[in-house]
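Chemist: For the sequence shown, our numbering gives the first residue as 2, with consecutive numbering after it.
Shown below is the structure under consideration.
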Amino acid sequence: MKRGIKTKEEANHYYDIVNRKVDQYISEWNVRPSKLLKYMSSKGRLESFLKGAGLDDVEGIETIVQDVLDDRAAMESDKVMTFESFSTGQGEPVEGHERAAAEHCRTSLGHVSKLDGFDRIFEVEDMGEARKVCVMSQGDLEELKGIMIESATAHLLVEEVDVHSIDMGLESGKKVRTRITIPIGQITDKDKISKVIASLTNRDKLISVATDYINDYPVTKAGMKFEHRGRVVIDGTSYEVWVSK
Numbered sequence: 002m003k004r005g006i007k008t009k010e011e012a013n014h015y016y017d018i019v020n021r022k023v024d025q026y027i028s029e030w031n032v033r034p035s036k037l038l039k040y041m042s043s044k045g046r047l048e049s050f051l052k053g054a055g056l057d058d059v060e061g062i063e064t065i066v067q068d069v070l071d072d073r074a075a076m077e078s079d080k081v082m083t084f085e086s087f088s089t090g091q092g093e094p095v096e097g098h099e100r101a102a103a104e105h106c107r108t109s110l111g112h113v114s115k116l117d118g119f120d121r122i123f124e125v126e127d128m129g130e131a132r133k134v135c136v137m138s139q140g141d142l143e144e145l146k147g148i149m150i151e152s153a154t155a156h157l158l159v160e161e162v163d164v165h166s167i168d169m170g171l172e173s174g175k176k177v178r179t180r181i182t183i184p185i186g187q188i189t190d191k192d193k194i195s196k197v198i199a200s201l202t203n204r205d206k207l208i209s210v211a212t213d214y215i216n217d218y219p220v221t222k223a224g225m226k227f228e229h230r231g232r233v234v235i236d237g238t239s240y241e242v243w244v245s246k
């Protein structure tokens, strides 16, 4: 027999349980709320979630789960959780970034100034010419790499692989239809996926990711588009340099 939700106190009790379970999924599996919302749109996955939480016999619990997931997804949208700790305009760049910009442009440090509203982007003036230069240290790139790995891992954990057909050696050469869908999160774990992604992320790949990150909407809206132009080493620390067209 299904358990009913008859009072406000009972509804609050079930909301608390669902909130804790959803937070557990988000924290332990590093899944973005929007992805979890999409993942739970499948009836089978929702039933599995409810059974794991001991709520599969509660009448109307699906509505509560939907409310909680919608709320989490809205919070994600409001706070822009992806790359949140690496957004533009946060913190003052260290002197090395400015020196790297000056070194790349073959000018003095006095001709370099931070561009208002943007972190790691500088305006370099030399011989009457002004250029926009973006600089990232090795530490910046390692931070960006870590965020990228976490985001890619969370994406893969809720993805699925479809095996539509397989070759079983039939004389006709035809493949046998299987129609099997394999959730990646059920055949591997977060640590293994993260290690594989890290091993595949070489310098060229990371530079490509950083270039896409730099050329986000605020930058293109300001009329800039950056291209990677090389590396500068200052006091043993390497800095990658991008210049706006």
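Note that CB positions come from ideal geometry on N, CA and C, so glycine has one too.
Computed from a prediction, not measured in an experiment: that's the story for all the values here.
1) Which whole-angstrom value describes the C-beta separation of K246 and K226, a residue pair presumed to lie in contact below a C-beta threshold of 8 Å?
2) What residue range does the beta strand (DSSP E) around H165 cover?
3) Along the chain, which unbroken stretches of the beta strand (DSSP E) at least 3 residues long are found entirely within the region 103-146?
4) For S245, list the residues DSSP reports as bridge partners.
5) State the DSSP-derived secondary structure class of Y40, mapped to helix, strand or coil.
6) Would T182 pass as a contact of E161 if the rule is Cβ separation under 9 Å?
7) Count the other CB atoms within 10 Å of the CB of R4; is the residue buried (16 or more) or exposed (fewer)?
8) If the criterion is Cβ atoms closer than 9 Å, does the pair M149 and I198 meet it?
9) Can you name, in chain order, every residue of its own chain whose Cβ lies under 6 Å from the Cβ of I185, other than the five neighbours on each side?
10) Is the separation between the beta-carbon of G61 and that of I6 shorter than 9 Å?
11) Return the chain-ordered list of same chain residues with a C-beta closer than 7 Å to the C-beta of T238, the five sequence neighbours on each side being excluded.
12) Nearest CA to the CA of E130: which residue from W30, L145, R107, F119?
13) From N203 to D192, what does the alpha carbon distance come to, in whole angstroms?
14) Expressed to the nearest angstrom, what Euclidean distance is found between the alpha-carbon atoms of Y16 and K133?
15) Should K146 and L201 be called a contact, given that it needs their Cβ atoms to be closer than 9 Å?
16) For P34, count the other beta carbons within 10 Å of its own beta carbon; 16 or more makes it buried, fewer makes it exposed. Which is it?
17) Taking the alpha-carbon of K22 as reference, which of K9, S43, L37 has the nearest alpha-carbon?
18) Could you give the first and the last residue of the continuous beta strand (DSSP E) run that contains V177?
19) Roughly how many angstroms lie between the CA atoms of G45 and V19, to the nearest whole one?
20) Output yes or no for whether 9 Å exceeds the beta carbon distance between R230 and V244.
21) May I ask which residues mark the beginning and end of the alpha helix (DSSP H) holding T221?
22) Bridge partners for G4 per DSSP, in chain order?
Modeler: To lay it out plainly:
1) The residue given as residue 246 occupies position 245 in the sequence shown. The residue given as residue 226 occupies position 225 in the sequence shown. About 5 Å separates the two Cβ atoms, so the contact holds.
2) What you label residue 165 is simply residue 164 of the sequence shown in a count that begins at 1. Its beta strand (DSSP E) spans residues 161-167.
3) 113-115, 122-127, 130-138
4) Reading the sequence shown from its first residue, position 244 is the one you call residue 245. In the DSSP output, where bridge partners are listed per residue, S245 has F227.
5) Counted from its first residue, the sequence shown places residue 40 at position 39. The answer is helix: DSSP assigns Y40 an H, G or I state.
6) The count along the sequence shown starts at 1 and reaches residue 182 at position 181. The count along the sequence shown starts at 1 and reaches residue 161 at position 160. Going by C-beta atoms, T182 is nearer than 9 Å to E161.
7) Within the sequence shown, numbered from 1, the residue matching residue 4 stands at position 3. Its Cβ having fewer than 16 others within 10 Å, R4 is exposed.
8) What you label residue 149 is simply residue 148 of the sequence shown in a count that begins at 1. What you label residue 198 is simply residue 197 of the sequence shown in a count that begins at 1. Yes.
9) Translated into the one-based positions of the sequence shown, residue 185 becomes position 184. Correct list, in chain order: L157, E160.
10) The residue given as residue 61 occupies position 60 in the sequence shown. The residue given as residue 6 occupies position 5 in the sequence shown. Against a cut-off of 9 Å, the Cβ pair of I6 and G61 comes out as a contact.
11) In the sequence shown, the residue the question calls residue 238 occupies position 237. Around T238: G97, S138, Q139.
12) Position 129 of the sequence shown, counted from the start, is the residue given in the question as residue 130. If we check each option's Cα against that of E130, R107 comes out closest.
13) What you label residue 203 is simply residue 202 of the sequence shown in a count that begins at 1. What you label residue 192 is simply residue 191 of the sequence shown in a count that begins at 1. Using only the alpha carbons, I get a separation of about 19 Å.
14) In the sequence shown, residue 16 corresponds to position 15, counting from 1. In the sequence shown, residue 133 corresponds to position 132, counting from 1. Taking the straight line from one Cα to the other gives about 51 Å.
15) In the sequence shown, counting from the first residue as 1, residue 146 sits at position 145. In the sequence shown, counting from the first residue as 1, residue 201 sits at position 200. Not closer than 9 Å, so no.
16) Here residue 34 corresponds to residue number 33 of the sequence shown, with the count starting at 1. By the neighbour-count rule (16 or more Cβ atoms within 10 Å), P34 is buried.
17) Counting from 1 along the sequence shown, the entry for residue 22 is found at position 21. The shortest Cα separation from K22 among K9, S43, L37 belongs to L37.
18) What you label residue 177 is simply residue 176 of the sequence shown in a count that begins at 1. Residues 177-184.
19) The residue labelled residue 45 in the question sits at position 44 within the sequence shown. The residue labelled residue 19 in the question sits at position 18 within the sequence shown. Going by the C-alpha atoms only, they are around 17 Å apart.
20) Taking the first residue of the sequence shown as 1, we reach residue 230 at position 229. Taking the first residue of the sequence shown as 1, we reach residue 244 at position 243. Cβ distance < 9 Å, so R230 and V244 count as in contact.
21) Here residue 221 is taken as the residue at index 220 of the sequence shown, counted from 1. Note, T221: alpha helix (DSSP H), 218-222.
22) Numbered from 1 along the sequence shown, position 3 holds the residue referred to as residue 4. Note that residue 4 corresponds to Arg in the displayed sequence, not to Gly. Looking at the DSSP assignment, R4 forms a beta bridge with V59.
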